[in-house]
Amino acid sequence: MSHRKKKKKGSENVELNLAAMLDMAFQLLAFFILTFKPSPIEGQINLKLPPPLPVAGAPGGQKAGDNDNNKNAVQSFESLVISVFSTPGGKISTMAIGEANVAGVSALEGRLKAVLSDANSPFKQVIIQVASRLKYAELMRVVDVCTRQTLPTGEKLTKLSFVELPTE
Amino acid sequence: MSGSMNSEASAEPNLTPMLDLVFQLITFFMLVTNFKAASLDLNLKLPVVGSARPLETEGEDLLILNIDSVGKLNVYGVTQNVERYIKAEAKVSRASAKRLNPSFKADDDLPTTIVVRADKQTPFNLLNVVIKTCQDNGFRKFALKAMNKEDG
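Chains as they are written, first to last, in the working numbering: chain A, 1 to 168; chain B, 1 to 152.
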């Protein structure tokens, strides 16, 4: 008992110096405040971009004019070609699906829907021929319309190719 | 002399609550700080596309390319030569694909996704240089970045 009493008497009130720890914590806080930059929430459109291939699939590697007796004509067109022309300022001026002109992006959507919803549609990918001056924002409007389409197989259209048109 | 010294009150503020608060703040900033954002060039004005959605890309191999309105490729704030940079990245991607999958052939499509962050004013011919260089080096998977609404 007396031993216990002695121990109690001998114990000291230990006080940590928190000032140094607080200094360090403030340093860390300053670092995190200064490097804090909330990044914007960005969306994305995922695409498979194979290099542009010939529009027509010629069977057996045949070439135009190499055999006059050939009755085995080109079998399928698997790529749908969309042409996008630009104004000098880089905005969309005119557009065409194949040879047919379309009035605007909303008209393009309607036409694409009609072409791709056909169960016999042979198209599996879209080639977008783009005027070299066309701004990226305008191109994305066309890409957006394309990627919203569904192929007759039920897959989303993600296979696109870009071809640059020469400056008009 | 000694009497006057003894009567001086020692003012020691209790720093514990302040330290608690500072640690709370540090924890908050540590959790919300995203060091990945360093690879994004936040000066670029991305196009606005309604259907662009933020996607989970956790674990995917991504190569982020920031392309400004004059077609310069910026990586971590440094302008890079397009051809040299993409060639080097393709080599790295091919090597890592081969390590993960020994049957990977040299002319197979690379598994890396190219994340294109281009300014909305970039003309297509400048953007196409980057896309074509990527395609020539075996990249096929692309993600075009856009905002889904105009900035405030």
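Note that CB positions come from ideal geometry on N, CA and C, so glycine has one too.
Taking the straight line between their C-alpha atoms, what separation do you get for residue i and residue j?
i: Thr150 of chain A; j: Lys124 of chain A; result: 10 Å
i: Val126 of chain A; j: Phe28 of chain B; result: 47 Å
i: Leu153 of chain B; j: Leu73 of chain B; result: Given a span of 1 to 152 for chain B in the structure shown, any question on residue 153 of chain B remains unanswerable.
i: Thr112 of chain B; j: Ala30 of chain A; result: 37 Å
i: Asp41 of chain B; j: Val14 of chain A; result: 52 Å
i: Arg133 of chain A; j: Gln24 of chain B; result: 52 Å
i: Arg99 of chain B; j: Ala103 of chain A; result: 51 Å
i: Glu78 of chain A; j: Glu109 of chain A; result: 19 Å
i: Ala137 of chain A; j: Asp109 of chain B; result: 28 Å
i: Ala107 of chain A; j: Ser121 of chain A; result: 19 Å
i: Thr79 of chain B; j: Arg148 of chain A; result: 34 Å
i: Glu12 of chain A; j: Leu34 of chain A; result: 42 Å
i: Leu31 of chain B; j: Ile114 of chain B; result: 27 Å
i: Ala9 of chain B; j: Ile26 of chain B; result: 34 Å
i: Asn128 of chain B; j: Asp23 of chain A; result: 52 Å
i: Met95 of chain A; j: Ala95 of chain B; result: 42 Å
i: Ala37 of chain B; j: Phe124 of chain B; result: 26 Å
i: Phe85 of chain A; j: Ile97 of chain A; result: 12 Å
i: Leu144 of chain B; j: Asn14 of chain B; result: 54 Å
Relative to the C-alpha of residue i, which candidate in the options has its C-alpha closest?
i: Val116 of chain B; options: B:Cys134, B:Phe23, B:Leu100, B:Leu15; result: B:Cys134
i: Asp107 of chain B; options: B:Leu144, B:Ile67, B:Gly138; result: B:Gly138
i: Cys146 of chain A; options: A:Ile82, A:Thr153, A:Met21; result: A:Ile82
i: Asp144 of chain A; options: A:Gly154, A:Pro152, A:Lys159, A:Thr153; result: A:Lys159
i: Met147 of chain B; options: B:Gln80, B:Gly50, B:Pro102, B:Thr79; result: B:Gly50
i: Glu149 of chain B; options: A:Leu22, A:Leu28, A:Gln44; result: Glu is not the amino acid found at residue 149 of chain B; the sequence shown has Lys there. The shortest C-alpha separation from Lys149 of chain B is found at A:Gln44.
i: Thr167 of chain A; options: A:Leu112, A:Gly90, A:Leu157, A:Ile41; result: A:Gly90
i: Val163 of chain A; options: B:Lys132, B:Lys141, B:Val92; result: B:Lys132
i: Lys156 of chain A; options: A:Leu112, A:Leu16, A:Ile92; result: A:Leu112
Less than 8 Å between the C-beta atoms of residue i and residue j, yes or no?
i: Val130 of chain A; j: Leu165 of chain A; result: yes
i: Ser69 of chain B; j: Thr122 of chain B; result: yes
i: Asp119 of chain B; j: Leu44 of chain B; result: yes
i: Leu80 of chain A; j: Val115 of chain A; result: yes
i: Gln49 of chain A; j: Ser161 of chain A; result: Per the sequence presented here, residue 49 of chain A reads as Leu, with Gln not at that position. A contact, by the Cβ cut-off of 8 Å.
i: Ala20 of chain A; j: Leu19 of chain B; result: no
i: Pro152 of chain A; j: Ala119 of chain A; result: yes
i: Tyr85 of chain B; j: Ser39 of chain B; result: no
i: Leu55 of chain B; j: Asn46 of chain A; result: yes
i: Thr16 of chain B; j: Leu18 of chain A; result: yes
i: Val130 of chain B; j: Val82 of chain B; result: yes
Name the chain B residues that come within less than 9 Å of residue i, Cβ to Cβ?
i: Asn46 of chain A; result: Leu55, Thr113, Lys141, Phe142, Ala143, Leu144
i: Glu42 of chain A; result: Leu40, Leu46, Ala52, Pro54, Arg117, Lys145, Ala146, Met147, Asn148
Going along chain A, which residues have a C-beta under 8 Å from residue i?
i: Asp119 of chain B; result: Tyr136
i: Ala88 of chain B; result: Here the premise fails: no neighbours, minimum Cβ distance about 20 Å.
i: Val75 of chain B; result: Chain A residues near Val75 of chain B: none, gap ~16 Å exceeds 8 Å.
i: Leu19 of chain B; result: Leu18, Met21, Leu22, Ala25
i: Thr16 of chain B; result: Leu18
Whose Cβ in chain B lies nearer than 7 Å to the Cβ of residue i?
i: Ser32 of chain A; result: Checking the sequence shown, residue 32 of chain A turns out to be Phe, not Ser. Within 7 Å Cβ-Cβ: Ile26, Phe29, Met30, Thr33.
i: Gly98 of chain A; result: Simply none; closest approach about 20 Å.
i: Phe162 of chain A; result: Asn128, Ile131
i: Val143 of chain A; result: Leu144
For residue i, which residues in chain A fall below 7 Å Cβ to Cβ?
i: Val22 of chain B; result: Leu22, Ala25, Phe26, Leu29
Could you work out which residues of chain B lie near residue i, taking near to mean beta carbons separated by less than 8 Å?
i: Pro88 of chain A; result: Simply none; closest approach about 11 Å.
i: Lys37 of chain A; result: Ala37, Leu42
i: Ala131 of chain A; result: Phe124
Note down, in chain order, all residues in the stretch 122-139 of chain B with a beta-carbon under 7 Å from any beta-carbon belonging to chain A. Thr122, Pro123, Phe124, Asn125, Leu127, Asn128, Ile131, Gln135
If the cut-off is 8 Å on Cβ atoms, which residues from the stretch 39-72 of chain B count as contacting chain A, listed in chain order? Leu40, Leu42, Leu46, Pro47, Val48, Val49, Gly50, Ser51, Ala52, Arg53, Pro54, Leu55
Residues of the stretch 83-107 of chain B with a CB closer than 9 Å to any CB of chain A: list them in chain order, please. none
Under 8 Å (Cβ pairs) to chain B, residues found in the stretch 145-162 of chain A: Thr147, Arg148, Phe162
Any residues in the stretch 104-125 of chain A with a beta carbon nearer than 7 Å to a beta carbon of chain B? Which ones, in chain order? none
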